[in-house]
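Numbering (the working numbering), first residue to last: 31 to 451.
In what follows, a single structure is set out as structure tokens and then discussed.
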């Protein structure tokens, strides 16, 4: 590690902590004005953004990165417009800071208020998508948090250009200049040191592949909010409307297979498997989906090319057009399957039987559980949260899509009239 790199990272963290304290006094109007200024900066600096992004795209293609990653890296006029619009949507959302969550008067006359406040300093570690820089900066500003951003090496030029736009907007606002900071290097040693600075940083949110997230969780002294992967399951019960099940199964896998809320496993109750699976397999394979199946599923799909599925396949997040299929005897077996192989992200049951649906909803261990709907709705916008900073499968502090309120904690304010003890 370069001898001055720890000093640089510690200085960023110290400045972020000072900025977080200053943000405690920021008004909603000041935060919204800063978001508006960043949005205008994006729109007026299109040429710069596209030029810097092209450097990243050229390097990505020279390094042979997959087309899917190159697409995630790419900025266009439409994507710049979408980033600016996302910031303006944040402006329209209620400010979570200062909301009184509870209030009560004690017998001794003390008034106890539970008030929503920012977490403080949030470190966000992510990979190739430049728009995450704007999404996270905006969410943290609106919720009154200072942020330290560490993007992937693939998007370095794009992120640095975005960070300059943010810095210029903050410099022209009453908010502290260091409210949003981008780590100016992608060296792993910088990340390693950042993860030790629990004196200044209150929360780390990693966004990306399972390898990155596990590295952060295993090496951080700072609390981490995360989800490792999205192994989502769709269970077609004996009481399902099979036409509806067909539409949901195909769209939940093939609509956007590379997102974390797409299904990876299709579970079918034995009494409807023979009627449902062949037609569903036909629809899936016509979309280019590669199928895996347990022995019972394969016996019903002899007219299709279906590879064997075992534990490895059932617990894998494919993130592409591959799907594993299992046949079960009952809703109880389906629940056991989901709790064994699912990642705690999003699970769904399709049935007209309320009793079995309630059993699934209550006994499956996941952040988001659906009855007669697709897992693809696990998203901050779809949940009415506005933008999201990520999806958590943890149990402490936040679970599921994390919006503005999930970027806050609370404190107690106690008002007296001279009481003493």
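Every residue, glycine too, gets a C-beta built ideally from N, C-alpha and C.
Beyond the five residues adjoining it in sequence on each side, residue 183 comes within less than 8 Å, by CB distance, of 216 in the same chain, given in chain order.
For the 8 Å CB-CB criterion, residue 247 and residue 49 do not form a contact. Within its own chain, the residues whose Cβ lies closer than 7 Å to the Cβ of residue 250, once the five positions on either side in sequence are excluded, are 225 and 234, listed in chain order. Note that the C-beta distance between residue 82 and residue 445 is not below 8 Å. In the displayed model, residue 277 falls within a helix according to three-state DSSP. The three-state reading of DSSP puts residue 439 in strand, counting E and B together. Nearest in C-alpha terms to residue 104, of all of 435, 86 and 365, is 86. Of the candidates 349, 118 and 127, 127 places its Cα closest to the Cα of residue 441. With fewer than 16 other Cβ atoms from the protein chains shown falling within 10 Å of its own Cβ, residue 135 counts as exposed. Distance from the Cα of residue 365 is smallest, within the candidate group 355, 354, 378 and 138, for 378.
Following the DSSP letters along the chain, one finds residue 295 inside the beta strand (DSSP E) bounded by residues 293 to 299.
A check of alpha carbon separations from residue 120 across 359, 186, 312 and 434 identifies 434 as the nearest.
Rounded to the nearest whole angstrom, the CA to CA distance from residue 301 to residue 106 is 49 Å. Of the residues 112, 402 and 339, the one whose Cα lies closest to the Cα of residue 356 is 339. Between residue 232 and residue 151, the C-beta gap is smaller than 8 Å, which places the two residues in contact.
Spanning the alpha carbons of residue 318 and residue 351 requires a straight line of approximately 7 Å.
Nearest to residue 397 by C-alpha distance, out of 96, 431 and 173, is 431. Closest in C-alpha terms to residue 345, from the list 327, 362, 363 and 368, comes 368. Annotated three-state conformation of residue 377 is strand, per DSSP.
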